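Peer 1: Have a look at the structure that comes next, please.
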């Protein structure tokens, strides 16, 4: 429900199209940051229990 409130508030404040574009850009920024901050996730082929166990 909090996400619905945030989406509606953003759409009301910026307008529908700018809110959607801003949300898409924000999503791509987060994806890029996570790929840069956690390269082992980017390079992972599959995630298994053995690969996730601490070494």
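Residue numbers (this note's numbering): 433 to 487.
Just so you know, even glycine gets a beta-carbon here, dropped at the ideal spot from N, CA and C.
On a predicted model such as this, the values are computed, not experimentally measured, just so you know.
Tell me whether residue 467 sits in a helix, a strand or coil according to DSSP, three-state version.
Peer 2: Helix.
Peer 1: Going by the beta-carbon positions, is the gap between residue 500 and residue 456 smaller than 9 Å?
Peer 2: Since the first residue of the chain shown is 433 and the last is 487, residue 500 is not available in this structure.
Peer 1: How is residue 447 classed by DSSP in three states: helix, strand or coil?
Peer 2: In this structure, residue 447 counts as coil in the three-state DSSP scheme.
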